[in-house]
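Reminder that position 700 of the sequence shown reads as 700 in full-length UniProt numbering, one-by-one numbering, no gaps. Each residue gets a CB set at the ideal place from its N, CA and C atoms; glycine is no exception.
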Amino acid sequence: MTSRFRLPAGRTYNVRASELARDRQHTEVVCNILLLDNNVQAFKVNKHDQGQVLLDIVFKHLDLTERDYFGLQLADDSTDNPRWLDPNKPIRKQLKKLLLLILGGSPYNLNFRVKFFVSDPNKLQEEYTRYQYFLQIKQDILTGRLPCPYNTAALLASFAVQSELGDFSQSENLPGYLSDYSFIPNQPQDFENEIAKLHQQHTGLSPAEAEFNYLNKARTLELYGVEFHYARDQSNNEIMIGVMSGGILIYKNRVRMNTFPWLKIVKISFKCKQFFIQLRKELLESRETLLGFNMVNYRACKNLWKACVEHHTFFRLDRPLPPQKNFFAHYFTLGSKFRYCGRTEVQSVQYGKEKANKDRVFARSPSKPLAQKLMDWEVVSKNSVSDDRLETQSLPSRSPPGTPNHRNSTFTQEGTRLRPSSVGHLVDHVVHTSPSEVFVNHRSPSSTQANSIILESSPSQEAPGDEQPPALPPKQSKKSSWNQIHYSHSQQDLENHINEAFDVLSSPEKSTPNGGIPHDNLVLIRMKPDENGRFGFNVKGGYDQKMPVIVSRVAPGTPADLCVPRLNEGDQVVLINGRNIAEYTHDQVVLFIKAICERHSGELVLLVRPNAVYDVVEEKLENEPDFQYIPEKTPLDSVHEDDHSLRESMIQLAEGLITGTILTQFDQLYRKKPGMTMSCARLPQNISKNRYRDISPYDATRVILKGNEDYINANYINMEIPSSSIINQYIACQGPLPHTCTDFWQMTWEQGSSMVVMLTTQVERGRVKCHQYWPEPTGSLSYGCYQVTCHSEEGNTAYIFRKMTLFNQEKNESRQLTQIQYIAWPDHGVPDDSSDFLDFVCHVRNKRAGKEEPIVVHCSAGIGRTGVLITMETAMCLIECNQPVYPLDIVRTMRDQRAMMIQTPSQYRFVCEAILKVYEEGFVKPLTTSSNK
């Protein structure tokens, strides 16, 4: 029996309170966060807090409004695959070493990173958000995480230098001014010279504009936005599974083996260490396909599955799926209940438009040499933090404010070679029980035993491609410490990074005119000679000619034409049968190839840089005999061999937009057709007539004026519509200069044109884009023997109509003329919505109806927006004639007649999206007879 008595006053000791105080102290953990500016920030949190608490603290510290694109990545020694801090789970359950860290007093290390890479930087509303993206990509390229071709890396680095140092100055930026900067792994010394040359071309760009251009170029890299997870196929060969905005990618031996767009995937699931992708049944297939892959362990498998769920939800859905409310499902579903619950991309963009502070001023952190960054981190990682505040000191301090705030907008994009086989083991004996369930005979997931998610999407067909990707980023060691994952501690580590990331031979020590550069996007091509001992291609260039060895011709039906991947005109040959030809003369290269031919049974192995077209090549090609291979069926002459219908071409276009394949193929297309010369534009008397130094007309298709001075920067472009009698004729030209207005009106008169389409304003961003070559309303102006009178001017916020009379004083003849000017194109980038532009194109088509003479189309250079309009009208005609629409074929046909038509990937994407909109919304409809327009 327990007796009761009162405790004496004083001399008491509260055991429980003391233990609670001790417990409170032990529940706090310090997390060191490596930020994107390479500063390390320490935060204290309670281990029982949800992950969202730590995320919110970091976001608050950064004052970040558009938060949904970012996350915290953990270092997980149990797998090579990335693992993100889950905002909805307690921190103590996610940091495995937490207890040891608490007892040892060491902080836990995490990385603040971009988690979701948007396809278009214009979706990021704040300049500060784009700056964080800029820091992320710059860091990934430097560490080898994001492989980048040499030339692209130099351009990106030049934008980064412009952002940090401003305009190039001969007096301030002396030779060696970039010696303390590192941009790529194992950076060669001559790389600084390449950056300096490009830096001089960016005069006038603000930091924000330079970073915006950086993002536009970086997003064209094939591995941009791809999160890789290591796996193995059924033969136990190591592969990599990539997750991105458009779907799931499979790589094997550094080659992309397959792409599975979200549209083709029905369900993703995992069981134990196996990951499964269930594909939609194709038209000719009797059952759905189930692919299986082996992961390192259960944790790696679940990480991959969660990454797929998050990327699909973020990029494909308007809003996250609501959690299951079924009471019994909560107790009887054995699989994972994880669902992405943050904002989707659609919601994030809308939130940014409502909440973003677009006038925000912030301080940009200066770059530091890599060695200094390592020293900073080593110092910080050894220090324990005892401050009671959640936010503690940052080492080193941020740079002082003072960066000018400029808004921006200019874009670009690029791309890949797909291989037609899929990787992974095909699970046999698939038994259909219902449209949404699939059971297999063994080692396969069922709805109650495995973790799965069904992707709701419409059936589609995978977009084909033929581009080979660059190498994959290097694999990290399982036992790597946290800072080693991000920075190599020695030059040897950096060399290992680059050797793994770019699996090609090193270039010679000294730079040669036709030397191979190890960071470029190279393609390996194999072929055997035919029965006559020939390969069927010609080359130009060599060390003696001070130009790269370029493929100048590929004959149809020969081994060079039939091999996979195909050898193309314009490809630069880097290695022949493993031998570097950098210092070979032209004759030596030819003799070497002939020697391989004479073996008959020998195999020719070429390492080539696709479509490597250089200005120096164009100059040398002037001496080449005229030759132009014209295929029996040009892309716009007939329906493709596989007889795709209009509808199927639209499905392919939609998938290409989602996966980025169309931009990849566009980037690989030659900008200037090999073999086409531009000598007339370079004559001394004509140089001043070119608005831009690098935009010149082909000699073969240029418009020739009558008289002694016959030059104008303009080309004929004819677009034939199959299965009809339609041939739309255009004259694509640059915007007139003050001293070329007379030439412009002479061309218009001599070509019989009665309509001029203008696709630019006179001044954009303070720069003159086109001289006003017409008079004000009711006024007249004379240009040589031509008098132009403007009778009226009317329009709306998108375009202006002007009615004019063009009078030839020598012949005493006049002609009525219409000028239509589109004024709604933004200074940079492309319009947010294509509705006004489509309306404009329809007006152009109505005005030209029944006329056979060419219409004059110009913007500033006469290639970018001019190409967009011609592509759009051609696509509308194809749709009306019930013909398939392949935008890349249209661009190729235009570039065969004028170089660089459609100048940027953003313009190409814009017109592709507009074509899809025209088809889906019935803007124009197929006519009952294809002979009518």
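Residue i to residue j span [Cα, whole Å]
| i | j | result |
| --- | --- | --- |
| Leu55 | Val30 | 14 Å |
| Glu810 | Gly784 | 10 Å |
| Gln52 | Arg113 | 15 Å |
| Leu604 | Leu575 | 10 Å |
| Lys479 | Arg865 | Because the pLDDT at Lys479 is just 40, under 50, the model does not fix this residue reliably, and the value given afterwards should be weighed accordingly. Using only the alpha carbons, I get a separation of about 52 Å. |
| Phe338 | Lys306 | 8 Å |
| Gly533 | Asp561 | 15 Å |
| Pro738 | Thr871 | 29 Å |
| Lys847 | Leu759 | 16 Å |
| His312 | Val226 | 13 Å |
| Leu705 | Thr740 | 12 Å |
| residue 936 | Pro185 | Given a span of 1 to 933 for the chain in the structure shown, any question on residue 936 remains unanswerable. |
| Val756 | Ala218 | 36 Å |
| Phe134 | Leu522 | 26 Å |
| Leu174 | Asn111 | 36 Å |
| Met304 | Asn213 | Before going on, a small fix: residue 304 reads as Leu here, not Met. One C-alpha to the other measures close to 32 Å. |
Residue span of the alpha helix (DSSP H) that contains residue i, given as start and end
| i | result |
| --- | --- |
| Gln52 | Gly51 to Leu62 |
| Thr289 | Taken as a continuous stretch (DSSP letters only), Thr289 belongs to no alpha helix (DSSP H), being part of the beta strand (DSSP E) at Thr289 to Asn294. |
| residue 934 | Nothing can be reported for residue 934: it is not among the residues displayed for the chain, which extend from 1 to 933. |
| Pro887 | Pro887 to Arg895 |
| Thr874 | Gly864 to Glu880 |
| Phe923 | Looking at the DSSP string, Phe923 is not in any alpha helix (DSSP H), and its letter there is neither H nor E. |
| Ser835 | Ser835 to Arg848 |
| Tyr298 | Tyr298 to Arg316 |
Opening and closing residue of the beta strand (DSSP E) in which residue i lies
| i | result |
| --- | --- |
| Ala42 | Val40 to Asn46 |
| Val539 | Phe537 to Gly542 |
| Thr789 | Tyr786 to Gly795 |
| Met747 | First-last for Met747: Cys741 to Glu750, but that is the alpha helix (DSSP H), not the beta strand (DSSP E). |
| Tyr783 | Ser780 to Tyr783 |
| His858 | Ile855 to His858 |
| Gln73 | Phe70 to Leu74 |
| Lys252 | Gly247 to Lys252 |
| Met901 | Counting along the chain, Met901 falls outside any beta strand (DSSP E), and DSSP gives it neither H nor E. |
| Phe807 | Tyr799 to Asn808 |
| Gly242 | Glu238 to Met244 |
Outcome for residue i when other beta-carbon atoms lying within 10 angstroms are tallied against a minimum of 16
| i | result |
| --- | --- |
| Ala17 | exposed |
| Tyr108 | buried |
| Pro548 | buried |
| Gln189 | exposed |
| Lys89 | exposed |
| Glu920 | exposed |
| Cys733 | buried |
| Ser158 | buried |
| Ser171 | exposed |
| Gln772 | exposed |
| Ser477 | In this predicted model, Ser477 has a pLDDT of only 45, less than 50, meaning its place in the structure is not dependable; the value taken from the coordinates is given anyway. Ser477 should be labelled exposed. |
| Ala196 | buried |
| Gly166 | buried |
| Thr129 | buried |
| Arg765 | exposed |
For residue i, three-class secondary structure by DSSP
| i | result |
| --- | --- |
| Asp697 | According to the sequence displayed, residue 697 carries Pro and not Asp. Coil, per DSSP. |
| Glu764 | strand |
| Tyr230 | strand |
| Gln659 | In the sequence as displayed, the identity of residue 659 is Thr instead of Gln. If DSSP states are grouped into helix, strand and coil, Thr659 belongs with the helices. |
| residue 954 | There is simply no residue 954 to check, as the chain begins at 1 and stops at 933 in what is shown. |
| Phe275 | strand |
| Pro261 | strand |
| Arg219 | coil |
| Tyr773 | coil |
| Ala210 | helix |
| Leu669 | coil |
| Phe168 | coil |
| Ala714 | strand |
Residue i at chain E interface by Cβ criterion, 8 Å
| i | result |
| --- | --- |
| Met257 | In the structure shown, chain E does not exist; there is a single protein chain. |
Beta strand (DSSP E) segments (min. 3 residues) lying fully within the region 79-156: Complete beta strand (DSSP E) runs here, min 3: 108-114.
Completely contained alpha helix (DSSP H) runs for the UniProt domain "PDZ" (524-594), where each covers 4 or more residues: If we require 4 residues or more, the alpha helix (DSSP H) runs fully inside the UniProt domain "PDZ" (524-594) come out as 559-562.
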